[in-house]
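These notes are about the structure you will find just below.
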Amino acid sequence: MPRPVLILDFDGTVALGDGPLLAYARAVAAHAAPADDLVTAVAAQLAEPSGDAIDGYDVVRRVAVAAGIGDDALAAAYTASRAQLGTAEAPVTVAVGLAEFLRITDAERLLVTNAPATRLDEALASLGLAGLFDRIVTDAAKPAGLEALLDSLDEDVPVLAVGDVWRNDLAPAHARGHATALVGGYPDPAAHP
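Numbers 16 to 208, taken from this note's numbering, label the letters of the sequence shown in order.
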């Protein structure tokens, strides 16, 4: 039997907590008046996720768009917030036992994220996960990027995909009959993990 492949998403799956989301909200708020109101609105929606938000980053985007903030400002704010990933300004945590699980799992362990590589290595180190992934794919452009990654695997390789956004992290694997695990607080009615 071929060695299994474990595909994990980063934000909201491996890296937990609202730290990066609030850093993004604060960076977006620099373009809003009053700035504190935007951050407060984001924090309130993160505490009580609605069924139509894809994830926490979508919450920030929706609040920002409602405040009249455009795409260029959102992109700049996201880039600025990623420079804080894993710091006191954008802290992250990890599920208890994940590091040990990755150490002992006999599978090719892939971290596949739509996020850029900015501070990813530092964040993984702060979480105790440095060196525990066989391959890291950043700027993955999921779901299409996940489709391409799956295409590169032998057909008979067992795959488990774990993520918090059904359509990006899991749907392509599920459509091919692979195992999936949906985590996080943003349910998707289309999800069939």
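Note that beta-carbon positions come from the ideal geometry of N, C-alpha and C, so glycine has one too. All figures in this text were calculated on a predicted structure; none of them were measured in a lab.
Beta-bridge partners of residue i, as assigned by DSSP
i	result
Val20	Glu123 and Val174
Ala105	Leu100
Leu185	According to DSSP, which records beta bridges pairwise, Leu185 is partnered with nothing at all.
Ala145	According to DSSP, Ala145 bridges with nothing at all.
Ala30	Asp26
Residue from the options whose Cα sits closest to the Cα of residue i
i	options	result
Thr128	Ala205, Tyr201 and Asp179	Asp179
Leu21	Ala110, Leu126, Val80 and Gly71	Leu126
Gly112	Leu135, Ala186, Tyr93 and Leu144	Leu144
Arg124	Ala114, Leu100, Pro204 and Leu53	Ala114
Ala62	Pro49, Ala88, Arg76 and Gly32	Gly32
Ala82	Gly101, Leu100, Arg97 and Thr55	Thr55
Ala30	Glu162, Leu135 and Arg150	Leu135
Tyr93	Leu161, Ala122, Ala188 and Thr133	Thr133
Pro64	Leu117, His193 and Tyr201	Tyr201
Met16	Gln60, Asp121 and Arg77	Asp121
Pro204	Ala68, Ile119, Ala163 and Glu137	Ala68
Arg18	Leu164, Ala88 and Leu168	Leu168
Terminal residues of the beta strand (DSSP E) in which residue i lies
i	result
Arg150	Arg150 to Val152
Leu197	Ala194 to Leu197
Range covered by the alpha helix (DSSP H) that runs through residue i
i	result
Gly71	Gly71 to Ala81
Tyr39	Gly34 to Ala44
Ala163	Ala159 to Asp166
Rounded Cβ spacing between residue i and residue j (contact assumed at less than 8 Å)
i	j	result
Ala159	Ala176	With a Cβ gap of about 15 Å, Ala159 and Ala176 do not count as contacting.
**Report entry** Three CB pairs or more closer than 8 Å across the region 44-53 and the region 192-203
**Finding:** no
Report task. Answer yes if the region 64-74 comes into contact with the region 16-31, meaning at least three C-beta pairs across the two stretches below 8 Å, and no otherwise. Result -> Using a C-beta cut-off of 8 Å, the region 16-31 makes contact with the region 64-74, since at least three inter-stretch Cβ pairs fall below that distance.
Query raised in the report: For the region 86-106 against the region 32-39, are there 3 or more C-beta pairs whose distance is under 8 Å?
Result: yes
Requested in this report: Examine the Cβ distances between the region 167-174 and the region 134-148 and report whether three or more of them are shorter than 8 Å.
Outcome: Put simply, the region 167-174 does not touch the region 134-148. Fewer than three CB pairs are less than 8 Å apart.
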